[in-house]
Structure formats: structure tokens, C-alpha cells
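One gets the working numbering by counting positions in the sequence shown from 1 and adding 34 to each.
Just so it is clear, CB atoms sit at the ideal spot from N, CA and C, and this is done for glycine as well.
Just so you know, these numbers come straight off a predicted model, no measurement behind them.
The structure under discussion appears below in the form of C-alpha cells.
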Amino acid sequence: MSPAVIVDAVRTPIAKGKRGAYAELHPVDLHAHALAALVQRTGIDPAVVDDVISGAVGQVGEQSTDTARWALLGAGFPESVPGVTVDRQCGSSQQAVHFAAQGIMAGAYDVAIASGVESMSRTPIGSQTLGKDFVGSRAGGRYDGSLVPQGISAELIAERWKLSRTELDEFAAESHRRAAKAWADGRFGSEGTFVNELHTDETIRPESSVETLAGLRPAFKNDDWEQRYPHLDWKITAGNSSPVNDGSAAVLITTEEAAQQLSLTPRARLHSFAVTGDDPIFMLTGIIPATRKVLARAGLSLGDIDAFEVNEAFASVVLAWQKETGAPLEKVNINGGAIAIGHPLGASGARLMTTLVNVLEQTEGRYGLQVMCEAGGQANATIIERI
35 MSPAVIVDAV
45 RTPIAKGKRG
55 AYAELHPVDL
65 HAHALAALVQ
75 RTGIDPAVVD
85 DVISGAVGQV
95 GEQSTDTARW
105 ALLGAGFPES
115 VPGVTVDRQC
125 GSSQQAVHFA
135 AQGIMAGAYD
145 VAIASGVESM
155 SRTPIGSQTL
165 GKDFVGSRAG
175 GRYDGSLVPQ
185 GISAELIAER
195 WKLSRTELDE
205 FAAESHRRAA
215 KAWADGRFGS
225 EGTFVNELHT
235 DETIRPESSV
245 ETLAGLRPAF
255 KNDDWEQRYP
265 HLDWKITAGN
275 SSPVNDGSAA
285 VLITTEEAAQ
295 QLSLTPRARL
305 HSFAVTGDDP
315 IFMLTGIIPA
325 TRKVLARAGL
335 SLGDIDAFEV
345 NEAFASVVLA
355 WQKETGAPLE
365 KVNINGGAIA
375 IGHPLGASGA
385 RLMTTLVNVL
395 EQTEGRYGLQ
405 VMCEAGGQAN
415 ATIIERI
């Protein structure tokens, strides 16, 4: 079985959703930009790519009908290159990395691209389910109709793990501080490809502080949810949650032999993978068992990991994970996380992988672990090894 290696990875700066720098840009064109940049950076002939596996969550409207296929054609790839779009909610492009690497390891591919896109400006969150019962009576009946949106899950997590509003806001402020410093120090320059005039992540707020964040109102509190959960203290705000964003990212994955033949230098080895399910009411806690599962599969301990990328859907998610795993926060999201950088759903898995490869090189670490919470109570986890 041939090891799968990452040759290069690239992402766009992440834009604000709705009124940001990419609001007028078609999601296929945004996606195509990352694919074209990956080809340009590596110098490969796109004809050698066996498959483009991409993540997108809002697979409706402009992001529907296998957006990966149209994006690769938009990027100038020959018509012979196929593409497929997967949906594991926020983990879609992390799952794309898994599928691409597993195809390489199985001998089905020599060269593959895992990528992702989300234009939350043009395909707003929930567009694909608006007004629809997407659960059905059997699954819905199993949970007595108590399925909740992610914001309520984040509140339930904050309550269960006894996280204070101050802890959540401190974590959010630190995310902005780290991300702003990473751009200022040039640590994001090696992973970015610029689409237009946006040359930094648009939702980073360097001036964020615990004091300013404390002035924000709870985002999910209303009469209906208060009646259902009268015990909640309501701590989740727009400030300690990830924003609405647009962006794309792409990762080139090959065998070691193919990399040598193509005169490419591998940067990291895809070491171990895990995916797991968890309680769909708490929904976002799957990263806890996923972390344990991937470490067990890798034969590694938490202390072996030099850098963690944990998607900051909400501050409560990462802090609950930290309390359960004991991971040192100084190694978690070293260059900031999604609360600051942004969370363009289908692109986030590939964006985190792009960042993780660079962080390992910047810190001279060996192992990196990426984990992503997902709607419906699932999670992906990936361990990579710097070469």
C-alpha cells in the first residue's frame, strides 16, 4: 500500500459572507481559482490528475449539480479530468482529503486533488433545507422531535462543561489576536492565493477584547428556546461563534513515487484517519471521540501531537474538547481559528489542512491533528506527519 503525501495546499483569504469581497463572485469561479492556483504553484500538468474530490455543504442553486466538475473545467483542466462533490456538512472537504488519500493508498489514484468551496453570500446557510423536513419520521421520532440548531447545541455544550461567558469570550479574543499576528508576521503568506483586492482574512478583528465581546447579546435566545431550555444561561454570541463566510481551498495529494516522477517535493504524509458519529442533540461533540479514535489508530498519544487544528464553529466546542482531551491550548489553532479567520463550511476542512501543513513547517513539528465537528453529530479527524 503506497503512502499518500501532500505535495502542496492553498487557500483563498476568507471573505465576509453577504457583503464581503467575494459576494459578487460565482462559487464555481471561487472554487476554480483555488484549483488553478494549486496547478500554478506546483507546475503539474492538470491532465495527470485522476480525480478532483471536493466538499460543498449548500449543494443547491449555484453550488449544485456537482460543483467540483464545473470548477475544474473553469480552472482550465482538460475535459478528461473527473470531479465529484461530497457532503459531510462542515467536514465535507476534510472528508474529501480522506477519500483522495484513501484512493491513493488503495492504488486507485496516483494524483488527486481534495478541495472545497462555500459561498455563504450566494448560497446562504440552510438554503438546501429551507422549509423541508430533511430528517423524516423515523429518525425524528427517535429523538422525539427534539433536534435543535447548532447554536442551541453550542449552548448545551457550554452548560454541560460548565464554561463561563468570560471563558468563551477570552477564547474568541485570543483567536483574533493569533490570526492577526499570523498575517502580520507573514505566516499566512505561504498558504494564500489572492482572488481580488482581498489580501487578508476579512473577518479578523484585531481590536477584539473580552470587554468588547462581553457587550454582545446571546445570538440564539428567544421565547421558544427559553421555554424549551429554561435552565440555560445563554452565553453563545456572534462574537464567540464563527461568522458567515466565502472561500475555497485545495490540496494536491499523490503517491511518493508519483511525486518523484513529477519532480514534486512532498511536504507531509497523511498518517491516519477517523470518522465517528455522536449525539445529534449535542451535535458538535463528535470531535472528542474522533480524536481518541484517530490517536488509537495511529498508535500515538496526545503528547506526540505538535499542532492541533480544531475547527472553531463555537468557542464552547473547542473548550469542551480541550477539557476532555487535556490538549494544551498553546498548541491548538496556533495561527488562530475559524472564529477569527472564518468558516466557509465546505471549504473549511481543506483550509484547516492547508494551515496545518504550514504550521508544522513553521514550528518544525512532526505530527499534526485536525478535527472537525459536523451537523448531525459527526466528526472527522486526520493526523499528518511532516516530511
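How big is the Cα-Cα spacing for residue 82 and residue 213?
-> The sequence position of residue 82 within the sequence shown is 48, counting from 1. The sequence position of residue 213 within the sequence shown is 179, counting from 1. For residue 82 and residue 213, the distance between alpha carbons rounds to 35 Å.
Euclidean distance between Cα positions of residue 406 and residue 296 = Working through the sequence shown from its first residue, we reach residue 406 at position 372. Working through the sequence shown from its first residue, we reach residue 296 at position 262. Between residue 406 and residue 296, the C-alpha separation is close to 32 Å.
With a CB to CB cut of under 8 Å and the five nearest residues on each side skipped, what residues in its chain are close to residue 300?
-> Sequence index remark: in the sequence shown, residue 300 carries index 266 (1-based). Result list for residue 300: 39, 40, 41, 288, 290, 293, 421, in chain order.
Would you identify the three-state DSSP class for residue 328, choosing helix, strand or coil?
-> For this step, residue 328 is matched to residue 294 along the sequence shown. In the structure shown, residue 328 sits in a helix (DSSP, three-state: H, G or I).
Can you tell me where the beta strand (DSSP E) with residue 412 in it begins and where it stops?
-> Working through the sequence shown from its first residue, we reach residue 412 at position 378. From DSSP, the beta strand (DSSP E) with residue 412 extends over 412-420.
Simplified DSSP assignment, three categories, for residue 154 = The residue you call residue 154 lines up with position 120 of the sequence shown. It is coil, neither helix nor strand.
For my contact list, residue 134 and residue 87 are in at a C-beta cut-off of 8 Å; report their separation, rounded to the angstrom.
-> Within the sequence shown, the letter at position 100 stands for residue 134. Within the sequence shown, the letter at position 53 stands for residue 87. Confirmed, about 5 Å.
Residue 168: buried (16+ other C-beta within 10 angstroms of its C-beta) or exposed?
-> The residue labelled residue 168 in the question sits at position 134 within the sequence shown. Per the 10 Å Cβ criterion, exposed.
Nearest-angstrom Cβ-Cβ length linking residue 76 and residue 286, presumed shorter than 8 Å | Position 42 of the sequence shown, counted from the start, is the residue given in the question as residue 76. Position 252 of the sequence shown, counted from the start, is the residue given in the question as residue 286. Indeed, because the Cβ distance is near 6 Å, the residues count as touching under 8 Å.
Quick one: give me the first and last residue of the beta strand (DSSP E) that residue 309 is part of.
-> The residue you call residue 309 lines up with position 275 of the sequence shown. Where residue 309 is concerned, the enclosing beta strand (DSSP E) stretches over 302-311.
Leaving aside the five residues before and after residue 200 along the sequence, list all residues of the same chain whose C-beta is less than 8 Å from its C-beta, in chain order.
-> In the sequence shown, residue 200 corresponds to position 166, counting from 1. Counting only Cβ-Cβ distances below 8 Å, and skipping sequence neighbours, we find 244, 248.
Cα-Cα separation, residue 383 to residue 172 = Numbered from 1 along the sequence shown, position 349 holds the residue referred to as residue 383. Numbered from 1 along the sequence shown, position 138 holds the residue referred to as residue 172. Straight-line Cα distance between these residues: approximately 30 Å.
Is the region 42-56 touching the region 357-366 in the sense that three or more CB pairs, one from each, lie closer than 8 Å?
-> no
List the endpoints of the continuous alpha helix (DSSP H) containing residue 62.
-> Start at 1 with the first residue of the sequence shown, and residue 62 comes out as number 28. Residues 61-76.
Considering only residues of the same chain and omitting the five flanking positions on each side of residue 322, which have a CB-CB separation below 6 Å?
-> For the purposes of this step, residue 322 is taken as residue 288 along the sequence shown, with counting starting at 1. Here the set comprises 355, 358.
Tell me, please, whether the region 266-279 touches the region 97-105 by the rule of three or more beta-carbon pairs shorter than 8 Å.
-> no
For residue 145, write down the residues that DSSP places opposite it in a beta bridge.
-> For the purposes of this step, residue 145 is identified with residue 111 of the sequence shown, where counting begins at 1. For residue 145, which the question treats as bridged, DSSP gives the partners 288.
For residue 403, write down the residues that DSSP places opposite it in a beta bridge.
-> Reading the sequence shown from its first residue, position 369 is the one you call residue 403. Per DSSP, 342, 417.
Specify the secondary structure class of residue 280 as computed by DSSP and reduced to three states.
-> By 1-based counting over the sequence shown, the position of residue 280 is 246. Strand.
In the structure shown, what three-state DSSP assignment does residue 209 receive?
-> Working through the sequence shown from its first residue, we reach residue 209 at position 175. Three-state result, residue 209: helix.
For the alpha helix (DSSP H) that contains residue 194, what are its first and last residues?
-> The count along the sequence shown starts at 1 and reaches residue 194 at position 160. Counting along the chain, the alpha helix (DSSP H) containing residue 194 begins and ends at 184-194.
What is the DSSP secondary structure of residue 109, reduced to helix, strand or coil?
-> Taking the sequence shown and counting its residues from 1, one reaches residue 109 at position 75. If DSSP states are grouped into helix, strand and coil, residue 109 belongs with coil.
Could you say if the region 302-309 and the region 317-334 meet the contact criterion of at least three C-beta pairs nearer than 8 Å?
-> yes
Decide yes or no for the touch test of the region 100-118 against the region 60-73: beta carbon pairs closer than 8 Å, at least 3 of them.
-> yes
Run the CB neighbour count on residue 101, radius 10 Å, all protein chains shown included, and call it buried at 16 or more, exposed below.
-> Taking the sequence shown and counting its residues from 1, one reaches residue 101 at position 67. Looking at its Cβ environment, which holds 16 or more other Cβ atoms inside 10 Å, residue 101 is buried.
Thinking C-alpha only, which one of 350, 344, 368 is nearest residue 128?
-> If you number the sequence shown from 1, residue 128 lands on position 94. For residue 128, the nearest C-alpha among the options comes from 344.
Burial state of residue 320, where buried means 16 or more other Cβ atoms lie within 10 Å | Sequence index remark: in the sequence shown, residue 320 carries index 286 (1-based). Buried: at least 16 other Cβ atoms inside 10 Å.
Of all the options 143, 302, 206, 125, which has the alpha carbon lying nearest to the alpha carbon of residue 269?
-> Position 235 of the sequence shown, counted from the start, is the residue given in the question as residue 269. Comparing Cα positions, the closest option is 206.
Can you tell me the Cα-Cα spacing of residue 251 and residue 271, whole angstroms?
-> As a position in the sequence shown, residue 251 is number 217, starting the count at 1. As a position in the sequence shown, residue 271 is number 237, starting the count at 1. Residue 251 and residue 271: Cα-Cα distance of roughly 6 Å.
Local Cβ density within 10 Å of residue 256, reported as buried at 16 or more and exposed below that = Residue numbering aside, residue 256 sits at position 222 when the sequence shown is read from its first letter. Answer is exposed; the Cβ neighbour count stays below 16.
Hey, how far is the Cα of residue 404 from the Cα of residue 263?
-> In the sequence shown, counting from the first residue as 1, residue 404 sits at position 370. In the sequence shown, counting from the first residue as 1, residue 263 sits at position 229. Approximately 32 Å, taken between the alpha carbons.
Return the bridge partner residues of residue 39 from the DSSP annotation.
-> What you label residue 39 is simply residue 5 of the sequence shown in a count that begins at 1. Residue 39 pairs with 288, 303.
Determine the DSSP secondary structure at residue 85, reduced to helix, strand or coil.
-> As a first step, residue 85 is located in the sequence shown; it is residue number 51 there, counting from the start. Looking at residue 85 - three-state DSSP - the assignment turns out to be strand.
Does the distance from the C-beta atom of residue 409 to that of residue 93 stay below 7 Å?
-> By 1-based counting over the sequence shown, the position of residue 409 is 375. By 1-based counting over the sequence shown, the position of residue 93 is 59. Their beta carbons are not under 7 Å apart, which means residue 409 does not touch residue 93 by this criterion.
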